[in-house]
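First residue of the sequence shown? That's 1 in full-length UniProt numbering, and the numbers climb one at a time after it. Beneath this line is the structure, given in structure tokens, with notes to follow.
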Amino acid sequence: MASPAVLDPAGLKRRRLIRRVLWKGLVYLVLTATAALFVVPFLWLIITSLKPLEQVFTDPLIWIPHPIMWSNYVEALTTPAFRFTLLLRNTLFYVVTTTIGTLISSVIVAYAFARLRFAGRDILFTITLSTMMLPSIVTLIPTYVLFKWLGWVGSYAPLVVPAFFGSAFNIFLLRQFMRTIPWDLTDAAYVDGANDFVILWKIVVPLITPALLVIAVFNIMYTWNDFFGPLIYLGDSNQYPLVMGLYAFRTRFSIKWNLLMAASLATCFPLIALFFVAQRYFIEGITLTGLKGV
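Following this line, the structure appears as structure tokens:
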């Protein structure tokens, strides 16, 4: 005798649809809860930045400030010890120079590994990738000793100059993109008399723009939030970037948490704006990265 499921294909289809809807609903519920979990600290940052100081640590917690202190932002950004304009200028210098250096050096080295043929190319590429296996803490002291010997400690040179020598991960990423470019394009350019620099600038770079945008966004985010590097190599407070300038809200006996949160939000606002502006290119680059073959 045939089973009811066989006799009722419409019912079977309906049950499958219900299971699919329930499964998707569960997945979306978990994703929403996870996203909310990550949003809570940022929400607390915003709320605290709008509170009077006496409402920061209350029991029970106050989620809606009363009154809302918009003046916290004005006071934080105009605090003499914070020097927002100077810190922002230092940060922009650090971010722009390292991003330019990273892009230029990574593109040139990746092009050599992907499109040029020379003895020992694969060995050099393997050695380059092997540097990714070394934790940065392992090379911290030797690097500091080297920069100290060069007389660079106390300046931005230890932070900026290494960016002009490439990054193993960025080189690997760009190499994978370049290997997918048809050889017919570059061969035709060679026939027309173009050299490697012309081919790199006129043909290759426009085709790897999504990867370049991803590298630029990652580098900007890392450099903007970098605290450890400036802490080690910069000794003059006039050279500090924004993340180190936040120390201005820490006094000897207390911390002005509301002003610190307001300054922190103002500090990370450019990164938030960058993400929304470059979101389409960023996601496009991530997607293409996953599709490129080795």
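Every residue gets a Cβ at the ideal spot worked out from N, C-alpha and C, and that includes glycine. A quick note: this is a predicted structure, and the numbers were derived from the prediction, not measured.
Query, Result
"Just tell me which of 143, 217 and 112 has its CA closest to the CA of residue 273.", "217"
"Quick check on residue 267: buried or exposed, where buried means 16 or more other Cβ atoms within 10 Å of its Cβ?", "buried"
"The alpha helix (DSSP H) that contains residue 88, what's its start and end?", "84-115"
"Hey, out of 214, 243, 256 and 257, whose CA is closest to residue 277's CA?", "214"
"Quick one: Cα of residue 18 to Cα of residue 122, how far?", "54 Å"
"Could you have a look at residue 255 and say whether DSSP puts it in helix, strand or coil?", "strand"
"Could you name the residues that DSSP lists as bridge partners for residue 250?", "255"
"For residue 133, report the span of its alpha helix (DSSP H) as first-last.", "Residue 133 -> no alpha helix (DSSP H), and no H or E assigned at all."
"By the three-class DSSP mapping on this structure, what secondary structure does residue 199 have?", "helix"
"Report the three-state DSSP secondary structure of residue 123 (helix, strand or coil).", "helix"
"Identify which residue in 195, 70 and 200 has its Cα closest to the Cα of residue 175.", "200"
"Identify whether residue 229 lies in helix, strand or coil by the three-state DSSP scheme.", "helix"
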